[in-house]
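Peer 1: Residue numbers (the working numbering): 389 to 561.
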Amino acid sequence: MKLNIVEYPDRRLKEKSVEVSVFDDKLYDLLDSMYDIMIDSNGIGLAAIQVAHAKQVLLINLPDENDKQHKEDLLEIINPVILEQSGETTYQEGCLSVPKFYEDIKRYEKIKLKYQDRDGKEHTLDADGLLSIAIQHEIDHLNGILFIDKLSYSRRKKFEKEYKKMLKERKKA
Ligand code: QAP
Ligand code: CO
């Protein structure tokens, strides 16, 4: 299926995604198409709402130490629920739906979650490091939350100004 990345300030990014209950070929097609557009866009994580599908579906494909992504490492996470969270970590985050903007965001250091794979099979996962950060970022999307929503008032104002300017420049080009 042909997908496009939805970009801020599109209000669809504020929608809450609904649980997946049917694990069929349509879901496989969505997952495969999401993977293609994520890789084409140089992303390491993508939630379905970012391609205008309000379903509790997200992908994570972290690069290796040589900065190369391998499809064997792809995590397809459906209906995630965080069971435990601890610690604190800060990372300079970006988002395919907020192009060209990066900011330090505070997250839990470690999380334990349960989720389903594309066949509906249940898994649990203990995550730390970049994986933990990426999962929290993508789960926020399922709840209509963007990383820029976590900025202080003054940093958010600075962002809005820079972002508007970027959009204007992009339109001119
Ligand atoms: C979410 O983000 C994430 O601005 C995934 O011009 C964030 O893939 C995971 C991207 C932080 C872990 C840590 C952003 C590509 C990709 C841009 C992404 C851009 C091109 C962001
Ligand atoms: Co994002």
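Glycine included, every Cβ here is placed at the ideal spot set by N, Cα and C.
(1) Do you know whose CA, among Tyr541, Val394, Tyr503, lies nearest Leu463's CA?
(2) What do you get for His458, buried or exposed, if any count of 16 or more other CB atoms within 10 angstroms of its CB means buried?
(3) How many whole angstroms separate the CB atoms of Leu530 and Gln444, which I take to be in contact at a CB cut-off of 8 Å?
(4) Along the chain, where does the beta strand (DSSP E) containing His511 start, and where does it finish?
(5) DSSP has Gln473 in a bridge; who is on the other side?
(6) Taking the alpha-carbon positions, what's the Leu513 to Lys549 distance?
(7) Give me whichever residues DSSP pairs with Asp492 in a beta bridge.
(8) Determine the direct distance from the alpha carbon of Leu415 to that of Leu507, and round the result to whole angstroms.
(9) Flag His458 as yes when its Cβ comes closer than 7 Å to any non-hydrogen atom of the ligand CO, and as no otherwise.
(10) Keeping to the same chain, check which residues put their C-beta closer than 6 Å to that of Ile523; ignore five residues upstream and five downstream.
(11) Unbroken beta strand (DSSP E) runs of length 3 or more, entirely within the segment 433 to 471: which are they?
(12) Tell me whether Leu602, by its Cβ, gets closer than 7 Å to a heavy atom of the ligand CO.
(13) Taking the alpha carbon of Leu519 as the reference point, which residue from Leu501, Asp412, Ile533, Asp505 has its own alpha carbon closest?
(14) Is any heavy atom in the ligand QAP found nearer than 7 Å to the beta carbon of Ile527?
Peer 2: So, to answer that:
(1) The sequence position of residue 463 within the sequence shown is 75, counting from 1. That would be Tyr503, whose Cα lies nearest to the Cα of Leu463.
(2) Translated into the one-based positions of the sequence shown, residue 458 becomes position 70. Exposed.
(3) Translated into positions along the sequence shown, residue 530 becomes position 142. Translated into positions along the sequence shown, residue 444 becomes position 56. Rounded, the Cβ-Cβ distance is 5 Å, consistent with contact.
(4) Taking the sequence shown and counting its residues from 1, the one referred to as residue 511 is at position 123. From DSSP, the beta strand (DSSP E) with His511 extends over 510 to 515.
(5) The count along the sequence shown starts at 1 and reaches residue 473 at position 85. Gln473 is bridged to Ile499.
(6) Your numbering for residue 513 matches position 125 in the sequence shown. Your numbering for residue 549 matches position 161 in the sequence shown. Leu513 and Lys549: Cα-Cα distance of roughly 39 Å.
(7) To locate residue 492, count along the sequence shown from 1; it is residue 104. For Asp492, which the question treats as bridged, DSSP gives the partners Gln480.
(8) As a position in the sequence shown, residue 507 is number 119, starting the count at 1. As a position in the sequence shown, residue 415 is number 27, starting the count at 1. What sits at residue 507 in the sequence shown is Asp, not Leu. Going from the Cα of Asp507 to the Cα of Leu415 covers about 10 Å.
(9) By 1-based counting over the sequence shown, the position of residue 458 is 70. The answer is no for His458.
(10) Position 135 of the sequence shown, counted from the first residue, corresponds to residue 523. Excluding residues within five positions, the ones whose Cβ falls inside 6 Å are Ala515.
(11) 433 to 435, 445 to 448
(12) This structure does not reach residue 602, given that the chain is present from 389 up to 561, and the question cannot be answered.
(13) In the sequence shown, the residue the question calls residue 519 occupies position 131. The shortest Cα separation from Leu519 among Leu501, Asp412, Ile533, Asp505 belongs to Leu501.
(14) Residue numbering aside, residue 527 sits at position 139 when the sequence shown is read from its first letter. No - the ligand QAP has no heavy atom lying nearer than 7 Å to the Cβ of Ile527.
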